[in-house]
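Notes to accompany the following structure.
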Amino acid sequence: MNVDTIAAISTALGEGAIGIVRLSGDQAIDISDKLFKGTTKLSDVKTHTITYGHLVESNEVIEEAMVTVMHGPKTYTRENIVEINCHGGLVSVNRVLQAALSHGARLAEPGEFTKRAFLNGRIDLSQAEGVMDLIRSKSDQAMNVAMRQVEGRLSGKIQHLRQQLLETVAAVEVNIDYPEYDAETMTQQIIREKMRPVLVEIDHLLVTAKQGKVLREGLATAIIGRPNVGKSSLMNSLVHESKAIVTDIPGTTRDTLEEYVNVRGVPLRLIDTAGIRETEDIVEKIGVERSRKALKEAELILLVLNNSEPLTMEDEALFEAVEDMDVVIIVNKTDQKQAIDIKKVHQFANGRPVVTTSLIHDEGVDQLEEAIKQLFFAGDIEGQDLTYVSNARHIGLLNEARRRAEDALQATEMDVPVDLIQIDVTRTWELLGEIIGEDVQDSLIDQLFSQFCLGK
Ligand code: GDP
Ligand code: ZN
């Protein structure tokens, strides 16, 4: 095996006093030795030790460094890894990276260390995807979800499900081997008993998917309302109340139109905030017709009304525009004399939450935050043992697996031959395997043999 050696700066750019350049591959140690001057060569030091020395390029000392040498396979990528810890800022870290590249390393693609960890069997696919999500995660909550995925929580659940399916297949096979029983009826019953909980568990994972996506990407939220009702005020109080305004992710450019706020664990991605902040009123400026278009992207609408004025045609048009969406209605300016018909507001709301606020006095914001939270998490999510599925590929596979599992269950109610039902059970098992990146060819058979010694 001869893989090329990759290198990258593995600390956040521009941050902190320490920078790490990481190399991974067969040549990682040899390449580092070409830069390194110390009392010993790096190829002579023991694995998993740190060595002090200088980095020299064209006879010029460019850095003082602590270098960690780790021989594969007991490393993150299972390849040889060298981590060069330099102090000093971006410039010197970059110089070290450049030097490594000039001596034969290749600049790593984003996520390539993790990809290698996966390809070399160090982590499974869902764990690799967890690492990717971790890098991109936009809130503390999202970070936790990603962390759990990295730790293999999702993998664990999937493996458990697959084991159930495997046992189903095995049980049925065994049963077919003993024709003295009423094999057909028995096997149908076995399949029903085993498949029902599997289906329940897949459903559970799918329910968490919506929440997982929200946690990962932030809930696209639009604040709409007529001029002067209090949209800017609302945005400002959300931003100010927010305990953790999500910061930029290194390496991405900030979209000036978006602002992230964390409302009781629900990360909101406020869209079109520039429209609200700078031009004051989108509805007025671009008209209801176009704001309707802007609404398409939104997953949550905060519709603001003015307590001190009667409902207008414009208000009604906005209600109409968000008919099928998740909406929280905010009746603002309750410190002023009520002129709005609150009964009518509730009619338009049609069961969706209505909160009253006096934003100028900072009143009602708590209830608003609670309403937003309730909309997405029926209950407190903190401290709950949920395994969020937040990856589109996983969700797709789970949906397909669900259909197959359901087909199998339904088939047991009809006169479908058992070996046909087994196909659906097996396919469910395969689809779940794809989530954790298992090679499915023949492995069901292999596992059946290794675990149950069928066929003697
Ligand atoms: P927007 O045009 O919808 O963005 O509304 P703004 O947030 O800019 O508010 C319009 C005006 O209403 C400003 O003068 C605010 O200070 C005022 N305002 C906002 N909320 C309240 C409130 O709860 N009570 C009162 N009395 N005035 C408010
Ligand atoms: Zn405004």
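In the UniProt record's numbering, the protein residues as written are 1 to 456.
Each residue gets a CB set at the ideal place from its N, CA and C atoms; glycine is no exception.
Nothing here was measured: the structure is a model prediction, and the numbers come from that model.
Cβ neighbours of residue i in the same chain (closer than 6 Å, five flanking residues each side left out)
{"i": "residue 407", "result": "424"}
{"i": "residue 242", "result": "At residue 242 the pLDDT is 45, less than 50, meaning the model places this residue with poor confidence; the figure from the coordinates comes in the next sentence. The answer, listed in chain order, is 261, 262."}
{"i": "residue 220", "result": "269, 271, 297, 298, 299"}
{"i": "residue 319", "result": "348"}
{"i": "residue 155", "result": "124, 126, 436"}
{"i": "residue 374", "result": "none"}
{"i": "residue 62", "result": "55, 95"}
Secondary structure of residue i, DSSP reduced to three states
{"i": "residue 74", "result": "coil"}
{"i": "residue 22", "result": "strand"}
{"i": "residue 339", "result": "coil"}
{"i": "residue 268", "result": "strand"}
{"i": "residue 41", "result": "coil"}
{"i": "residue 384", "result": "Residue confidence is low: residue 384 scores 46 on pLDDT, short of 50, so the model does not pin down where it sits. No coordinate-derived value is stated."}
{"i": "residue 263", "result": "strand"}
{"i": "residue 87", "result": "strand"}
{"i": "residue 418", "result": "helix"}
{"i": "residue 280", "result": "Legend: pLDDT at residue 280 = 45, less than 50; position of this residue unreliable, value from coordinates given subsequently. Note: residue 280 maps to coil in three-state DSSP."}
{"i": "residue 349", "result": "helix"}
{"i": "residue 311", "result": "coil"}
{"i": "residue 358", "result": "strand"}
{"i": "residue 195", "result": "helix"}
{"i": "residue 54", "result": "strand"}
{"i": "residue 437", "result": "coil"}
{"i": "residue 457", "result": "Any property of residue 457 remains undetermined from this structure, which presents the chain solely from 1 to 456."}
Euclidean distance between Cα positions of residue i and residue j
{"i": "residue 402", "j": "residue 396", "result": "10 Å"}
{"i": "residue 112", "j": "residue 95", "result": "21 Å"}
{"i": "residue 362", "j": "residue 237", "result": "8 Å"}
{"i": "residue 234", "j": "residue 339", "result": "20 Å"}
{"i": "residue 483", "j": "residue 157", "result": "No answer is possible for residue 483: it lies beyond the span of the chain, which begins at 1 and ends at 456."}
{"i": "residue 270", "j": "residue 116", "result": "36 Å"}
{"i": "residue 169", "j": "residue 224", "result": "54 Å"}
{"i": "residue 321", "j": "residue 348", "result": "12 Å"}
{"i": "residue 410", "j": "residue 127", "result": "33 Å"}
{"i": "residue 35", "j": "residue 25", "result": "16 Å"}
{"i": "residue 381", "j": "residue 153", "result": "Here the model assigns residue 381 a pLDDT of 44, short of 50, so the residue's position is not dependable, and the following value carries that caveat. Between residue 381 and residue 153, the C-alpha separation is close to 17 Å."}
{"i": "residue 516", "j": "residue 231", "result": "The first residue shown for the chain is 1 and the last is 456, placing residue 516 beyond what the model contains."}
{"i": "residue 108", "j": "residue 366", "result": "46 Å"}
{"i": "residue 357", "j": "residue 295", "result": "23 Å"}
{"i": "residue 264", "j": "residue 335", "result": "26 Å"}
{"i": "residue 207", "j": "residue 399", "result": "11 Å"}
{"i": "residue 458", "j": "residue 121", "result": "No answer is possible for residue 458: the residues shown for the chain start at 1 and end at 456."}
{"i": "residue 342", "j": "residue 114", "result": "55 Å"}
Inter-residue CB distance, residue i and residue j (contact presumed, cutoff 8 Å)
{"i": "residue 326", "j": "residue 299", "result": "7 Å"}
{"i": "residue 82", "j": "residue 42", "result": "7 Å"}
{"i": "residue 28", "j": "residue 195", "result": "About 49 Å; that fails the 8 Å criterion."}
{"i": "residue 222", "j": "residue 330", "result": "Incorrect: roughly 13 Å between the Cβ atoms, too far for contact."}
{"i": "residue 314", "j": "residue 192", "result": "Wrong, their Cβ atoms sit about 56 Å apart, outside the cutoff."}
{"i": "residue 51", "j": "residue 45", "result": "5 Å"}
{"i": "residue 428", "j": "residue 188", "result": "So it is not a contact: roughly 16 Å between Cβ atoms."}
Contacting residues, own chain, Cβ-Cβ under 8 Å from residue i (five flanking each side not counted)
{"i": "residue 47", "result": "69, 70, 71, 74"}
{"i": "residue 161", "result": "198, 201, 202, 432"}
{"i": "residue 106", "result": "4, 5, 6, 7"}
{"i": "residue 21", "result": "7, 8, 9, 10, 83, 84, 86, 93, 96, 97, 100"}
{"i": "residue 164", "result": "194, 197, 198"}
Cut-off 7 Å between Cβ atoms - residues of its own chain near residue i, not counting five sequence neighbours on either side
{"i": "residue 438", "result": "none"}
{"i": "residue 371", "result": "328, 353, 355"}
{"i": "residue 31", "result": "5, 23, 100, 103, 104, 105"}
{"i": "residue 344", "result": "311"}
{"i": "residue 229", "result": "304, 305, 306, 332"}
{"i": "residue 422", "result": "169, 172"}
{"i": "residue 346", "result": "354"}
Residue i beta carbon near the ligand GDP (any heavy atom closer than 8 Å)
{"i": "residue 361", "result": "yes"}
{"i": "residue 92", "result": "no"}
{"i": "residue 336", "result": "yes"}
{"i": "residue 221", "result": "no"}
{"i": "residue 239", "result": "no"}
{"i": "residue 312", "result": "no"}
{"i": "residue 231", "result": "yes"}
{"i": "residue 228", "result": "yes"}
{"i": "residue 72", "result": "no"}
{"i": "residue 234", "result": "yes"}
{"i": "residue 304", "result": "yes"}
{"i": "residue 332", "result": "yes"}
{"i": "residue 25", "result": "no"}
{"i": "residue 168", "result": "no"}
Residue i beta carbon near the ligand GTP (any heavy atom closer than 8 Å)
{"i": "residue 83", "result": "With respect to small molecules bound, the structure shown includes the ligand GDP and the ligand ZN and not the ligand GTP."}
Interface flag, residue i vs chain C, CB-CB below 9 Å
{"i": "residue 37", "result": "Within the model displayed, chain C is absent; a lone protein chain is all it includes."}
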